[in-house]
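With our numbering applied, the sequence shown corresponds to residues 13 to 217, in that order.
For reference, the structure is listed below as structure tokens.
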Amino acid sequence: RHQWAGKGQRGKFWQDERGQNLMMSLVSEPAPLDITKLFLFSASVALGILDLVRGFHSESWSVKWPNDIYWNDRKAAGILIETVVLGKNWLFAVTGVGINLNQENFPADLPHAVSLKQITSASYEPRLVARELVAAIQYRINTLKTGPEQILTDYNRSLYKNTKPIALRKKSELIICTLQGVDAGGMLLTSQGSFAWHDVEWVRH
13 RHQWAGKGQR GKFWQDERGQ NLMMSLVSEP APLDITKLFL FSASVALGIL DLVRGFHSES
73 WSVKWPNDIY WNDRKAAGIL IETVVLGKNW LFAVTGVGIN LNQENFPADL PHAVSLKQIT
133 SASYEPRLVA RELVAAIQYR INTLKTGPEQ ILTDYNRSLY KNTKPIALRK KSELIICTLQ
193 GVDAGGMLLT SQGSFAWHDV EWVRH
């Protein structure tokens with residue numbers, strides 16, 4: 013129901029209002045997957061969240077590469093995965109998930125945040141949502157283990173701004189390009205080449 017040191021990508025922090033949202037860490041044993049499937053594992057988690065929120069409101073959801081859940085142009089959820097690897101064996105994946113459930117007021121530095129309550133006008137019990145979410149994620153991870161190509165197909169079908177112009181920043185360079193999808197390794201495919209998540213930053217324009 014609350015966390016006071018939530019981690020995000022690129023050293024950012026996840027912020028929440030006490031008691032209003034869902035924050036959880038899900039520990040999974042990914043075997044027989046190996047660490048080369050890390051992006052597809054992340055994609056499976058994202059799709060599990062999409063499956064869940066589409067049950068509350070069916071339209072306008074997408075996954076913004078690599079791991080944010082968007083409703084229209086606003087962020088409703090985020091994912092951060094950390095791994096435990098021993099030698100070549102991927103022992104555990106610790107998946108942190110934050111979903112804005114009932115919060116209606118966000119800090120000024122988060123102008124694009126949105127909650128399920130703002131979208132649907134309904135209130136949500138975090139514990140009940142968590143139970144549904146675990147089942148949805150588990151279903152998608154099981155799909156990954158038997159049919160990884162389906163996960164990649166569904167991810168690209170739900171990809172935010174796919175086939176549309178986007179702006180990326182690579183160090184001091186601004187790159188305007190057309191998004192063409194994501195490959196199985198998590199590389200962003202564009203009209204100006206392919207990019208890893210840690211090499212570029214998405215720019216709103």
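Glycine included, every Cβ here is placed at the ideal spot set by N, Cα and C.
message: With H, G and I counted as helix, E and B as strand and the rest as coil, what does DSSP make of F68?
response: Helix.
task: For E161, name the three-state secondary structure that DSSP assigns.
output: If DSSP states are grouped into helix, strand and coil, E161 belongs with the helices.
- prompt: Quick one: any contact between the segment 73–81 and the segment 48–65, if contact means 3 or more CB pairs under 8 Å?
  reply: In short, these stretches touch, since the Cβ pair count reaches three.
- request: Within its chain, find whatever has a CB closer than 6 Å to the CB of I61; leave out the 5 residues flanking it on each side and keep chain order.
  value: Leaving aside the five residues that flank I61 on each side, the residues in its chain whose CB is nearer than 6 Å to its CB run, in chain order, I81, A89.
message: Classify S72: buried if its beta carbon has 16 or more other beta carbons within 10 angstroms, exposed otherwise.
response: By the neighbour-count rule (16 or more Cβ atoms within 10 Å), S72 is not buried but exposed.
query: Okay, do the segment 178–187 and the segment 205–217 touch, 3+ Cβ pairs below 8 Å being the bar?
result: Yes, the segment 178–187 touches the segment 205–217.
message: Need the endpoints of the beta strand (DSSP E) that L38 sits in, please.
response: Looking at the DSSP string, the run of the beta strand (DSSP E) that includes L38 is 34–40.
message: Given this structure, state the Cα-to-Cα distance separating Y172 from L103, to the nearest angstrom.
response: Cα to Cα, Y172 sits roughly 31 Å from L103.
- prompt: At which residues does the alpha helix (DSSP H) containing L128 begin and terminate?
  reply: Taken as a continuous stretch (DSSP letters only), the alpha helix (DSSP H) holding L128 covers 128–132.
field: Close beta carbons around N168, own chain, < 7 Å, minus the five adjacent residues each side
entry: Within the same chain, N168 has close Cβ partners N174, G193, V194.
- request: For G108, write down the residues that DSSP places opposite it in a beta bridge.
  value: S37, L92, per the DSSP bridge assignment.
query: Can you give the Cα-Cα distance for S40 and V96, rounded to whole angstroms?
result: When rounded, the distance between both Cα atoms is 10 Å.
- request: Tell me G198's beta-bridge partners as DSSP assigns them.
  value: G198 pairs with nothing; no bridge assigned.
message: Whole angstroms are fine: how far does the CA of V126 sit from the CA of L113?
response: In this structure, the alpha-carbon of L113 lies about 9 Å from that of V126.
- request: Locate the beta strand (DSSP E) running through R181, then write down its first and last residues.
  value: It spans 177–182 - the beta strand (DSSP E) in which R181 sits, taken as one unbroken run.
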